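A quick write-up on the structure given underneath.
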């Protein structure tokens, strides 16, 4: 019985890990397409066919995931409460992939080749908190301890809320993925000198390193890396930076043995 439970645990954890990685890849591909669309006035039939193939493959992947989820659900009575919680997280992840596939299909049909930002005024603090909560399970898999330090007062900004959520998810999920297992990450959000500052700090003697981060953060702007990047992890850093700058903000970083891994998002206050 113990052996079966252990095997079930391993299967669910592996499924969760693969789902997170696939979610990253789909997001990466989605934004690579948007970035290329932005640079092209007219899209070629070749690109359109490639996009349709990718959407078809993505839908097949989501369907396969759902079949596996349904099979496990039918035997949920044999799962522990922790396993059921992980299964719930996998299910939510697959639902998000389904949502992304729909948006990707809509993008292909609209064929505008341009990202539209809908700016609105809102308090950024709850969004930072939600992003941290969303990634608690992902952090626990890596044995990363998330510590959140938020301003008790409202911090009002005027940016696209949906894309802010995407920025926070991409940045935090990639930080968790690449930092040392078992370490801690502190997230700070406050207003300072007329700006909203969000800091992500990981004190460690084994940092990611500036050379590697420079590579990750430059993938969208380096045409020689764009095709290669579709099949590599770390693309989320570059996507987060591009979206931040498009909305008038900045995303800077530092990584060395003195400071560990440090990331700072900055937006103007509303």
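Residue numbers (my numbering): 51 to 320.
Glycine is no exception: its CB is placed at the ideal position from the N, C-alpha and C atoms.
Since we're looking at a predicted model, the values are computed, not measured.
- Task: Tell me, please, whether the stretch 215-229 touches the stretch 184-193 by the rule of three or more beta-carbon pairs shorter than 8 Å.
- Result: yes
- Task: From the DSSP output, read off the bridge partner residues of residue 310.
- Result: 306
- Message: On the DSSP letters alone, give me the boundaries of the beta strand (DSSP E) that residue 207 sits inside.
- Response: 206-209
- Span of the beta strand (DSSP E) around residue 263: Run containing residue 263: none in the beta strand (DSSP E); it sits in the alpha helix (DSSP H), 260-267.
- Opposing strand residues paired with residue 148 [DSSP bridges]: None, per the DSSP bridge assignment.
- Buried or exposed: where does residue 68 fall if 16 or more other Cβ atoms within 10 Å of its Cβ makes it buried? exposed
- What is the residue span of the beta strand (DSSP E) that residue 171 lies within? 170-173
- Message: Report the CB separation of residue 115 from residue 144 in whole angstroms; it is logged as a contact under 8 Å.
- Response: 5 Å
- Does DSSP put residue 218 in a helix, a strand or coil? helix
- With DSSP as the reference, please indicate the residues paired to residue 234 in a beta bridge. 195
- Enclosing beta strand (DSSP E) for residue 250 [first to last residue]: 245-252
- Task: Report yes if the C-beta distance between residue 213 and residue 167 is below 8 Å; otherwise report no.
- Result: yes
- If we call anything under 8 Å between Cβ atoms a contact, is residue 236 one with residue 251? yes
- Item | For residue 294, the first and last residue of its enclosing alpha helix (DSSP H) | 285-296
- Task: Enumerate in chain order the residues of its own chain whose CB-to-CB distance from residue 238 is below 6 Å, with the five nearest sequence positions on each side excluded.
- Result: 199, 249
- Query: Can you tell which of 62, 169, 118 has its C-alpha closest to the C-alpha of residue 318?
  - Reply: 169
- Is residue 256 helix, strand or coil when you go by DSSP? coil
- Considering only the beta carbon of each residue, do residue 215 and residue 179 sit closer than 8 Å? no
- Query: With 16 other CB atoms within 10 Å as the buried threshold, where does residue 307 fall?
  - Reply: exposed
- Query: Going along the chain, which residues of its own chain have a beta-carbon closer than 8 Å to the beta-carbon of residue 63, five neighbours each way excluded?
  - Reply: 136, 191
- Task: Figure out for me which residue from 201, 222, 263 has the closest Cα to the Cα of residue 181.
- Result: 222
- Item | Euclidean distance between Cα positions of residue 305 and residue 259 | 5 Å
- Item | Residues sharing a beta bridge with residue 317, DSSP | 246
- Message: Would residue 201 and residue 241 qualify as a contact pair, given that the criterion is a beta-carbon distance under 8 Å?
- Response: yes
- Does the separation of the CB atoms of residue 53 and residue 133 fall below 8 Å? no
- State the CB to CB distance for the pair residue 320 and residue 206, rounded to an integer number of angstroms; the pair is presumed to be in contact (CB under 8 Å). 4 Å
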